Amino acid sequence: MCGIFGCICSSAPRVIADGLKRLEYRGYDSVGIAVISGGRLLLEKDKGMIDPFVRRVDPSRISAEIGIGHTRWATHGAPCKENAHPHLDCTGTIAVAHNGVLENFLEIKEGLLKRGHRFASNTDTEVIPHLIEEGIRDGLSLKSATARAAKMIKGAMAIAVLSSALPDSIVCMKRESPLAIGIGKKGAYCASDVPALLPYTDMIMQLQDDQVAVISRGQVAVETIAGKPVKPRFIKIEWEAGVAEKGGYPHFMLKEMHEQPIAMRSTLKLPHGFLDRASRMMEGRVYLTGSGTSYHACLASSYAFSKMLCMDIRPVYSSEFQDLVCDLEGNTVIGVSQSGETADTLSALRYAKSRGAKVIGITNTLASSITSLSDTYICTQGGPEIGVAATKTFLTQLIALDQLMLRAGLNAGRLPEGVASGLLASLNGVPSLAEGVIRRSEGIRPIAQKYSSRRSAYFLARGINVATAMEGALKLKELSYMHAEGYPAGESKHGPISLVEGDFLCVFVAPRDSSRGRVIGNMMEMKARGARIFAVVTEGDDELKSIADDTFEVPPVPEFLNPVVCTIPLQAFAYYVAVLRGLDPDKPRNLAKSVTVL
Ligand code: AGP
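Residue numbering for the sequence shown follows my numbering, beginning at 1148 and increasing consecutively.
What follows is the structure, given as structure tokens:
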């Protein structure tokens, strides 16, 4: 997830810098600005965050009335000056800022190199200005050349294009990644989200997929990439600043929960080469290690590898790794960490490497410590997560690990092609199913209201959803400070059930899967002792709806995908209990986004 800002107005460089500052939450590992000044295209960019960049470049001293800017969250190509956006074509007269992940950039780049183009970066984005350059050379307008390039590219792309040959307009194009356009009294603007535009205008339109817009002072022309004109539809935005920063949501956590589908879709675009390399590196005994939510992703993946491939890969808490694991020579450790900086996980991986293990990293943060520690790594595409509680990064970890599982199954001959493609189709369909669950998740609020004053709760499940139950308990604990414990439902009779008395809250994760029958037995045990049952169930499960006091329905999915759809209502439950308790879900007490101490 990156931030794009463009404008045609007085003091454009300073306005762009201000706009990028508002977009910094979308990415902050490198930054750049391209403007047209005196008929020439000027470019300044660098590794690092916006403030030091602005201090060095001082945009207010650059005289220009049009430009584009970008603040980066690296997905392809480590954070460095060369990989910062905007990127130029060979002539240095076309600049492009991009947000998204291009799927077929390698084959496009190969063709461009063969046709003599020179590249300055190893990003996916840089193919775009060179494709546009070829369109201009073929006599197309900047808009048509951009549209032609978009038709050749597969993947998510929101782009702003600037050319010294068109010094009074910016061309924008959008597919999956967001791009908003604003028209104000003093100029025209485009940005990756609405809040960045609000200081300049409240008349906003969101570009739709596969639309191209040409923005100039006081006017916007929009058409589809096929050339069909589209009537621009501007709406007046009535947001106050604080809410605007969160995209209209009351908290970053809720915003990031709603970003889960696009984060998963982006993570489903992982280049096959990365997955193939990682899966072929899984030699010997394989361990998964992580902390907190990332450990729960490890646990879920361990169940998936076992259930789908009969491969026994062992999940281990990072903080316990060195005490639990000794057999590492010639084996493999997969480290999972959203921040890539969790000290426990880094320590576990250093220990593993020192004892001869191969290390595969799975992280949301390119160029984090885990990437340099790993023999190979996979970067989830969750984008920056501001809320302390992991939400979209957890689901993207599951998606990445599921892709790795399928790839490993194919490479090991444990999954027939036909079965694997069916499972991959289900995996590719799960973001849309999650979208539906998220849309309904506000319906959990009355259930949260009913139980918000409880002092404790059990989160129970069997099979892969033990990981989901543990994640749901962690969310409730860390956000609402209600004591909650997630564990295998079958364990209840071995002690925990002694806590259960009238009104004790038991949250069951009970979708229609191979363990549902046994979970019903556990539910009845709890009910017999007066417990209150809130169950996440598969749509239409009337039997469970008749047993539980409260239910939330999720769509049916293959068993290994249940953690994805079942976690969402538990995130929402924890969020609403916290809000109902008057707490700030974005800043829970005692916690940090990344625990960089042992
Ligand atoms: C989860 O909501 C917490 N923020 C915490 O458990 C977190 O998952 C854990 O600290 C691991 O962080 P990492 O993924 O950055 O390594």
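Beta carbons: idealized from backbone N, C-alpha and C, even for Gly. Owing to the predicted nature of the structure, the values given are computational and were not obtained by experimental measurement.
- Query: Does the beta carbon of V1248 fall short of 8 Å from some heavy atom of the ligand AGP?
  - Reply: no
- Item | Completely contained beta strand (DSSP E) runs for the segment 1323-1394, where each covers 3 or more residues | 1327-1331, 1334-1338, 1350-1353, 1358-1363, 1366-1371
- Relative to the alpha-carbon of G1649, which residue among G1185, D1696, R1676, L1727 has its alpha-carbon at the smallest distance? Closest by alpha carbon: R1676.
- Which residue's Cα is closest to the Cα of S1741: I1197, T1510, E1385? T1510
- Message: Please tell me whether, using a cut-off of 8 Å, the distance from the CB of A1537 to the nearest non-hydrogen atom of the ligand AGP is below it.
- Response: yes
- Message: Using the three-state DSSP reduction, which class does T1512 fall into: helix, strand or coil?
- Response: Looking at T1512 - three-state DSSP - the assignment turns out to be coil, as it is neither helix nor strand.
- Query: What do you reckon, is the C-beta of G1530 under 8 Å from a heavy atom of the ligand AGP?
  - Reply: Result no, Cβ not under 8 Å from the ligand AGP.
- Message: Considering only heavy atoms of the ligand AGP, does any lie closer than 8 Å to the CB of G1420?
- Response: no
- Is E1706 closer than 9 Å to G1610 when the C-beta atoms are compared? yes
- In three-state DSSP terms, what is D1522? It is coil, neither helix nor strand.
- Query: Say the cut is 8 Å; is the CB of L1545 nearer than that to a heavy atom of the ligand AGP?
  - Reply: no
- Quick check: the segment 1254-1264 against the segment 1322-1342, are there 3 or more CB pairs under 8 Å? no
- Query: CA-CA distance, Q1528 and A1572?
  - Reply: Approximately 19 Å, taken between the alpha carbons.
- What residue ranges within the segment 1655-1731 form continuous alpha helix (DSSP H) runs of no fewer than 4 residues, ordered along the chain? 1663-1675, 1689-1694, 1709-1727
- Separation of K1383 from G1530, as counted between CA atoms: Looking at the backbone, the Cα of G1530 and that of K1383 are separated by about 28 Å.
- Item | Selected residue, minimal CA-CA separation from C1713, among L1730, A1616, K1692, N1737 | A1616
- Hey, how far is the Cα of P1346 from the Cα of I1155? 15 Å
- Query: So is the beta-carbon of Q1353 under 8 Å away from any non-hydrogen atom of the ligand AGP?
  - Reply: no
- Is it the case that the CB of S1579 approaches a heavy atom of the ligand FMN more closely than 8 Å? In terms of ligand content, the structure shown lacks the ligand FMN and carries the ligand AGP instead.
- How would you write the range of the beta strand (DSSP E) that F1266 sits in, first residue to last? Looking at the DSSP string, F1266 is not in any beta strand (DSSP E), and its letter there is neither H nor E.
- May I have the straight-line CA-CA distance separating G1195 from P1233, to the nearest angstrom? 15 Å
- How would you write the range of the alpha helix (DSSP H) that V1274 sits in, first residue to last? 1274-1284
- Neighbourhood of V1684 by C-beta distance below 7 Å, restricted to the same chain and skipping five residues each side: A1657, P1658, L1691, K1692, T1698, E1700
- Query: Which first and last residues belong to the beta strand (DSSP E) in which G1482 is found?
  - Reply: 1479-1484
- Cβ pair count under 8 Å reaching 3, the segment 1288-1299 against the segment 1185-1200: No: fewer than three Cβ pairs fall under 8 Å.
- Query: So the beta strand (DSSP E) K1624 belongs to, where does it begin and stop?
  - Reply: Here K1624 belongs to no beta strand (DSSP E); instead the alpha helix (DSSP H) covers 1612-1627.
- Determine which residues share a DSSP beta bridge with Y1464 and list them. G1437
- Query: Would DSSP call D1423 helix, strand or coil?
  - Reply: Three-state DSSP puts D1423 in a helix.
- Message: From the DSSP secondary-structure annotation, give me the bridge partner or partners of T1218.
- Response: G1150, V1178
- Message: Given this structure, state the Cα-to-Cα distance separating S1486 from A1327, to the nearest angstrom.
- Response: 29 Å
- Query: Using the C-alpha atoms, what's the distance from I1300 back to E1281?
  - Reply: If you take the alpha carbons of E1281 and I1300, they lie about 14 Å apart.
- Query: How big is the Cα-Cα spacing for G1247 and V1566?
  - Reply: 30 Å
- Excluding sequence positions up to five away, which residues of its chain have a Cβ less than 8 Å from the Cβ of M1404? Excluding sequence neighbours, M1404 sits near T1538, K1539, I1585, S1588, I1715, Q1718, A1719, Y1722.
- Evaluate M1671 with the Cβ neighbour count: other Cβ atoms within 10 Å of its Cβ, from every protein chain shown; 16 or more gives buried, anything less gives exposed. exposed
- Enclosing beta strand (DSSP E) for N1246 [first to last residue]: Counting along the chain, the beta strand (DSSP E) containing N1246 begins and ends at 1241-1246.
- Item | C-alpha distance - L1493 paired with F1468, whole-angstrom precision | Distance from the CA atom of L1493 to the CA atom of F1468, rounded to whole angstroms, is 11 Å.
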